[in-house]
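Undergrad: Chains as they are written, first to last, in my numbering: chain A, 0 to 349; chain B, 12 to 228. Shown below is the structure under consideration.
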Amino acid sequence: MNTPKMTSLQRVLTTLGQQEPDRVPFFLLLTMTGAKELGLSLQDYFSKAEYVVEAQLRMRKKFQHDCLYSFLYASLEVEAFGGDTIYIDDGPPNAGAPIISKPQDILSLTPPRIEDHPCLQKVLEIERQLKAKVQDDAPIIGVVISPFSLPVMQMGFEGYLNLMLNQPDLFARLMQVNEAFCVNWANAQLAAGATAICYFDPVSSTTIITREQYLESGYQVARRVLPQIKGPTATHFASGRCLPIVEEVAQTGTMIFGISTSESLGELKKAVHGRATLIGNLNGVEMRRWSAEKAEAEVKKAIAEAGPGGGFILSDSHGEIPYQVSEETLLAISEAVHTWGRYPLDWAAA
Amino acid sequence: MGNCSLDFEQQKISLLNALVSMDTLSARTILTQPYDPCTPHQVVEQLVAPALEIIGEGWEKGEYSLSQVYVSGRICEELVDLILPPMHQSRRYQPKMAIAVLEDRHMLGSRVVYSALRASGFELAHYGSQTVDALAQRVEKDRIELLLVSTLMLSSALRVKRLRSLLEQSGRQVKIMVGGAPFRFDPALWQEVRADACGSSAAEAVDFAENLLKELQ
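See the structure below:
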């Protein structure tokens, strides 16, 4: 017997409770696609809250997916710290020159105040408007970059790795500043209307640092930060691996793991063992070349591996659909989820 | 070049352990001891390059992290400069090489490949972050034969196709090897953008340079 139709929020809450909803929830984490939807350049699109709100609502209706996404681009937080953003025509805006040019600059760094920065206020405005429109029909996903991963944009990856390995005092001071900002920024978004916060933490992934390094650094940061965020959080590794640190990530209090296409959904599902929900792991880079048949096959494969029993949200593995992915492909993914994602998943057990 | 008959297996394991533990001191002890009758070049080829290759391949499989790949490369680069200085006569004849990051400020991947190549006895220029047009001009001006292009974003990866066209227009025969996240997540992408090869690890860049060297000799 099929479960009665649920709202997107009910569907997501049910799967988070490790129960089977009416169908597998799916999130299209659409950012740049909104500009195409409105026929705007990326720079114009990201310039006004109204554009993003309009596009998010239109895209949810078109693709029939289960969330609204208030994330604009990663370097927005660095803008608040005094950095620049460089726009390109067909890809995510990128951080400009590092704001920390030498490690000693960390000593004078202070957490930006949310109310002082129009770029942050714009995101809060998006969340307020989305909340007014959808109320409790669908979750609104806000985003923070983890204090532990933000320095890649603040000072460059190489400089940051060297800091982490060789200058523990300055590293600790940088974490202190970033943590204060991250907690305020996450809570401001929740207060504005975000339902949950996606905590992007790719540097904690074992693709980037060893498990031992994670236990001494990213794990400690997450354990300090996540309990201070006054709402549910999802930890997203943005295409990085996390299987070797599953136990510890679960202990940080996060409810959802954003996982890579490089890891097996089935294996991760066994490892989290009902303690968290998985979100992933369609290959966003390859998606650009998918036919409708390929999209259907990939959706079926993911649902079969992780769908049974709930605790799964279908999405891409990076936390952002690339600009180059066509509307036809997104529609094909949607159709496949609506066809094959209905619980009970008898076909998957067969 | 003399006959190098030493078996480096035990030293390779020791060096590998030192590198993945980020233990510079032990790595230095292993690399700076005499290995008569082998030349420094043979030591690099038979001891350093294989150890780095194991680490690079291990990263692809999820056995090692990028921080270990990065630190290993830097340690070896520094130590190889000691036993085989940049102007040393046994630095081999090699293709004119450069590495660049396309339209991005994320340099770490290119730094890892740069270190691995230098630690394997190659010399190359690091152009930093470049636009397609500026890179094509620089390759032409420096008469580069092997260009390594690192990308982080899909949009940058797709621009390699235009880089190839610009280099063809200039008439230069340049081998292009690409690497970076978009190429790892889409194994068919390097052919679509008309690169000559794709390196999913620094070790593969070293292999490609070695093979090109053989072709040119």
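The beta carbon of each residue, even a glycine, is placed where N, CA and C say it ideally should be.
Nearest CA to the CA of Leu-15/A: which residue from Gln-134/A, Pro-138/A, Gly-33/A, Pro-97/A?
TA: Pro-138/A
Undergrad: Indicate whether at least one CB of chain B lies closer than 8 Å to the CB of Ala-331/A.
TA: no
Undergrad: What does a CB cutoff of less than 6 Å around Ala-193/A pick up in its chain, not counting 5 residues either side in sequence?
TA: Counting only residues of its own chain and dropping the five nearest sequence neighbours on each side, Ala-193/A has a CB closer than 6 Å to the CB of Glu-126, Ile-139, Gly-141.
Undergrad: Which residues in chain B have a C-beta closer than 7 Å to the C-beta of Gln-212/A? List them in chain order.
TA: Ser-78
Undergrad: Could you give the C-beta distance for Leu-281/A and Leu-264/A, rounded to a whole number, given that I count them as a contact under 8 Å?
TA: Not really, about 10 Å apart at Cβ, beyond 8 Å.
Undergrad: I need the straight-line Cα distance from Ser-325/A to Gly-120/B, nearest angstrom please.
TA: 29 Å
Undergrad: Using a C-beta cutoff of 8 Å, does Leu-119/B count as contacting chain A?
TA: yes
Undergrad: If the criterion is Cβ atoms closer than 8 Å, does the pair Gly-132/B and Leu-178/B meet it?
TA: no
Undergrad: When the Cα of Pro-48/B is compared with those of Ala-127/B, Leu-17/B, Tyr-75/B, which residue comes out closest?
TA: Out of Ala-127/B, Leu-17/B, Tyr-75/B, the CA that lies nearest to the CA of Pro-48/B is found in Leu-17/B.
Undergrad: Just the Cα atoms here: how many angstroms apart are Ile-191/A and Ala-29/B?
TA: Residue identity check: residue 191/A is Ala in the sequence provided, not Ile. Rounded to whole angstroms, Ala-191/A to Ala-29/B spans 51 Å at the Cα level.
Undergrad: Among Ser-238/A, Ser-203/A, Arg-240/A, which has the Cα closest to the Cα of Arg-222/A?
TA: Measuring from the Cα of Arg-222/A, the nearest candidate turns out to be Ser-203/A.
Undergrad: Rounded to whole angstroms, what's the CA-CA distance from Pro-97/A to Pro-150/A? Just pull it up for me.
TA: 9 Å
Undergrad: For His-272/A, count the other beta carbons within 10 Å of its own beta carbon; 16 or more makes it buried, fewer makes it exposed. Which is it?
TA: exposed
Undergrad: Apart from the five residues on each side of it in sequence, which residues of its chain come closer than 7 Å, Cβ to Cβ, to Leu-123/A?
TA: Ala-187, Gln-188, Ala-191
Undergrad: Whole alpha helix (DSSP H) runs in the region 18-55 of chain A with 4 or more residues, listed along the chain?
TA: 32-37, 41-44
Undergrad: Determine whether the Cβ of Ala-246/A lies closer than 8 Å to any Cβ atom of chain B.
TA: In the sequence under discussion, the amino acid at residue 246/A is Glu, which differs from the Ala named in the question. Not one chain B Cβ lies under 8 Å of Glu-246/A.
Undergrad: Answer yes or no: does any C-beta atom of chain A fall closer than 8 Å to that of Gly-302/B?
TA: Only positions 12 to 228 of chain B appear in this structure, which leaves residue 302/B out of reach.
Undergrad: Helix, strand or coil, according to DSSP, for Tyr-75/B in the structure here?
TA: Note: Tyr-75/B maps to coil in three-state DSSP.
Undergrad: Quick one, which of Gly-310/A, Cys-118/A, Ser-261/A, Ser-216/A has its alpha-carbon nearest Tyr-342/A's?
TA: Gly-310/A
Undergrad: Interface residues of chain B around Pro-321/A at Cβ under 7 Å?
TA: Leu-165
Undergrad: Between the C-alpha atoms of Cys-253/B and Leu-90/B, what's the straight-line distance to the nearest angstrom?
TA: Residue 253/B lies beyond the range of chain B shown here (12 to 228); nothing can be said about it.
Undergrad: Residues in its own chain within less than 7 Å of Gly-69/B by CB, not counting five upstream and five downstream?
TA: Tyr-75.
Undergrad: Output the residue ranges of the alpha helix (DSSP H) runs that lie fully inside the region 279-321 of chain A and measure 4 residues or longer, sorted by chain position.
TA: 283-286, 291-305
Undergrad: Less than 8 Å between the C-beta atoms of Leu-113/B and Val-171/B, yes or no?
TA: yes
Undergrad: What is the rounded straight-line gap between the Cα of Val-52/A and the Cα of Val-133/A?
TA: Rounded to the nearest angstrom, the two C-alpha atoms are 11 Å apart.
Undergrad: What in chain D is Cβ-close to Ala-192/B, meaning under 8 Å?
TA: Going by chain labels, chain D is absent from the structure shown, which instead holds the protein chains A and B.
Undergrad: What residues from chain B crowd round Glu-304/A, counting only those whose CB sits closer than 7 Å?
TA: Per Cβ cutoff of 7 Å: no residues; Glu-304/A is ~18 Å from chain B at best.
Undergrad: Using a Cβ-Cβ cutoff of 8 Å, what residues of the region 192-209 of chain A are near chain B? List them in chain order.
TA: Thr-205, Thr-206, Ile-207, Ile-208, Thr-209
Undergrad: Using a C-beta to C-beta distance shorter than 8 Å, which residues of chain B count as neighbours of Glu-157/A?
TA: Tyr-81, Met-118, Leu-119, Arg-122
Undergrad: Can you tell me whether Leu-106/A is buried or exposed, with buried defined as 16 or more other CB within 10 angstroms of its CB?
TA: Counting Cβ neighbours within 10 Å, Leu-106/A comes out exposed, since fewer than 16 surround it.
Undergrad: Taking C-beta to C-beta, are Gln-366/A and Phe-80/A nearer than 8 Å?
TA: There is no way to answer for residue 366/A, as the model of chain A reaches only from 0 to 349.
Undergrad: Against Pro-91/A, what residues of chain B qualify as contacts under a CB-to-CB distance less than 7 Å, listed in chain order?
TA: The contacting residues are Met-164.
Undergrad: Using a Cβ-Cβ distance under 8 Å, would Glu-88/B count as near chain A?
TA: Judged by the 8 Å Cβ criterion, Glu-88/B is not in contact with chain A.
Undergrad: Name the two residues that bound the continuous beta strand (DSSP E) containing Leu-106/A.
TA: No beta strand (DSSP E) contains Leu-106/A, which DSSP labels as neither H nor E.
Undergrad: Let me see if you follow: with CB-CB separation under 8 Å, is Thr-260/A close to chain B or not?
TA: yes
Undergrad: Report back the beta-carbon spacing between Leu-225/A and Thr-253/A to the nearest angstrom; my notes put them in contact at under 8 Å.
TA: 6 Å
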